[in-house]
Ligand SMILES: C[S@@+](CC[C@H](N)C(=O)[O-])C[C@H]1O[C@@H](n2cnc3c(N)ncnc32)[C@H](O)[C@@H]1O
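Numbering (our numbering), first residue to last: 10 to 381.
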């Protein structure tokens with residue numbers, strides 16, 4: 010079973026070294042509009058503290074060193090048609106992301122959530138790549154930056170569309186499979202192997218009809234069975250099912266899957282009260298922005314994400330002590346959020362200027378928020 014039976018997880022160390030990518034004119038807008046450039050190389054290529062480990066360089070080269078992620082926060086290339094005549098577009102994005110997504114899938118387990126930040130068209134372009142590598146779409150969250158984001162700067166007669174003040178942050182989970190089968194297919198097939206009528210699953214679970222209508226449904230009504238129900242179903246099948254087919258609901262062919270193992274077939278998720286999929290929150294500005302030193306301090310990274318939104322998604326999908334990946338670090342907002350929440354964070358950044366200021370931010374963070 011992918012990710013559930015420990016021994017069947019492919020070791021990360023076996024992943025091949027990544028060859029340098031041949032230069033191609035990607036359409037990403039990442040790095041455009043840089044406000045400052047440091048000439049000096051960063052003083053270090055690796056920064057570590059008790060919870061955070063960030064590298065200077067291409068994340069493709071570091072995935073193999075990182076612990077398996079409970080959550081990946083992707084905030085990489087955007088294909089934004091920001092204005093008429095803008096040369097950037099989304100067409101190169103599937104190729105840009107493909108090797109990253111492939112490597113995320115190698116490290117993921119059924120308990121891994123992926124948060125994919127992007128423009129709507131960027132996400133649409135990359136969605137097939139995510140599905141191809143085993144990621145199942147859950148929900149699209151809209152970050153609404155509000156009217157202040159355009160502040161009279163847009164000529165709609167010229168751009169001939171509504172001004173864009175949003176980004177998406179899309180939730181994916183890494184789909185659990187047993188012997189290559191989706192859970193819902195495996196559950197029904199195992200039940201059928203017992204030789205018991207399908208309706209008996211209701212008796213097994215002690216429910217009126219939820220087992221047949223939901224837990225064994227093969228369409229959109231299917232949902233993940235609570236652990237207690239799974240345990241009842243498995244116990245009944247192994248007690249009343251045909252002798253010759255036992256054990257039922259087993260991954261290794263020797264013992265049935267336990268409730269604790271079943272619990273690991275899905276991701277963690279907790280939604281704070283009152284939070285919906287529309288996040289009204291202005292873009293990062295003012296004191297929140299990381300700036301260069303001195304009186305005329307300039308914003309270092311134009312794509313710096315709000316710390317509160319990063320905290321929200323990490324807290325919702327992970328528990329304390331779990332590992333978070335931030336492969337496109339920028340100023341490492343995800344790592345900062347993870348650290349404050351007691352999660353362990355791994356990140357990378359290819360740009361020396363951003364890496365330098367990102368590390369400074371992490372060092373200052375550690376002194377202001379020491380671990381208890
Ligand atoms: C949209 S920005 C991320 C901003 C970040 N979320 C923050 O709040 O500061 C994407 C960053 O990814 C970096 N990047 C692009 N490709 C990368 C790669 N293969 N490995 C590591 N960093 C990469 C870019 O230099 C850029 O700073």
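Note that beta-carbon positions come from the ideal geometry of N, C-alpha and C, so glycine has one too.
Among the options, the one whose alpha carbon lies nearest that of residue i
| i | options | result |
| --- | --- | --- |
| residue 334 | 47, 186, 200 and 85 | 85 |
| residue 67 | 125, 203, 356 and 135 | 356 |
| residue 51 | 63, 160, 43 and 59 | 63 |
| residue 129 | 336, 87 and 376 | 87 |
| residue 194 | 338, 218 and 231 | 231 |
| residue 328 | 306, 315 and 353 | 353 |
| residue 239 | 254, 127, 202 and 220 | 220 |
| residue 172 | 110, 154 and 205 | 154 |
| residue 206 | 174, 251 and 235 | 251 |
| residue 77 | 372, 332, 338 and 336 | 332 |
| residue 289 | 158, 374, 58 and 74 | 158 |
| residue 127 | 264, 59, 151 and 186 | 151 |
| residue 115 | 98, 305, 210 and 73 | 73 |
One or two residues paired with residue i in a DSSP bridge
| i | result |
| --- | --- |
| residue 122 | 80 and 182 |
| residue 175 | 153 |
| residue 55 | 64 |
| residue 355 | 62 and 334 |
| residue 145 | 182 |
| residue 289 | 153 |
| residue 259 | 265 |
| residue 187 | 190 |
| residue 210 | In DSSP, residue 210 forms no bridge with anything. |
| residue 300 | 308 |
| residue 164 | Residue 164 is not bridged to any residue. |
| residue 277 | For residue 277, which the question treats as bridged, DSSP gives no partner whatsoever. |
Residues of its chain near residue i, where Cβ-Cβ distance is below 6 Å and the 5 sequence neighbours each way are ignored
| i | result |
| --- | --- |
| residue 215 | none |
| residue 2 | There is no way to answer for residue 2, as the model of the chain reaches only from 10 to 381. |
| residue 91 | Below a pLDDT of 50, predicted positions are generally treated as unreliable, and residue 91, at 40, falls in that range; the measurement from the model is reported next regardless. Nothing meets the Cβ criterion. |
| residue 138 | 103, 106, 107 and 110 |
| residue 276 | 120, 122 and 182 |
| residue 83 | 125 |
Own chain partners of residue i with C-beta closer than 8 Å, once the 5 adjacent residues on each side are dropped
| i | result |
| --- | --- |
| residue 340 | 299, 309, 310, 313, 363, 366, 367 and 370 |
| residue 382 | What the structure shows of the chain is the stretch from 10 to 381, and residue 382 is not part of that stretch, so it cannot be assessed. |
| residue 378 | 348 and 349 |
Residue i classed as buried or exposed, judged by whether at least 16 other C-beta atoms fall within 10 angstroms
| i | result |
| --- | --- |
| residue 269 | exposed |
| residue 44 | exposed |
| residue 380 | exposed |
| residue 241 | buried |
| residue 227 | exposed |
| residue 160 | exposed |
| residue 143 | buried |
| residue 360 | buried |
Residues of its chain near residue i, where Cβ-Cβ distance is below 7 Å and the 5 sequence neighbours each way are ignored
| i | result |
| --- | --- |
| residue 132 | 125, 177 and 179 |
| residue 147 | 180, 181 and 182 |
| residue 316 | 342, 345 and 346 |
| residue 324 | 350 |
| residue 196 | 224 and 225 |
| residue 271 | 236 and 239 |
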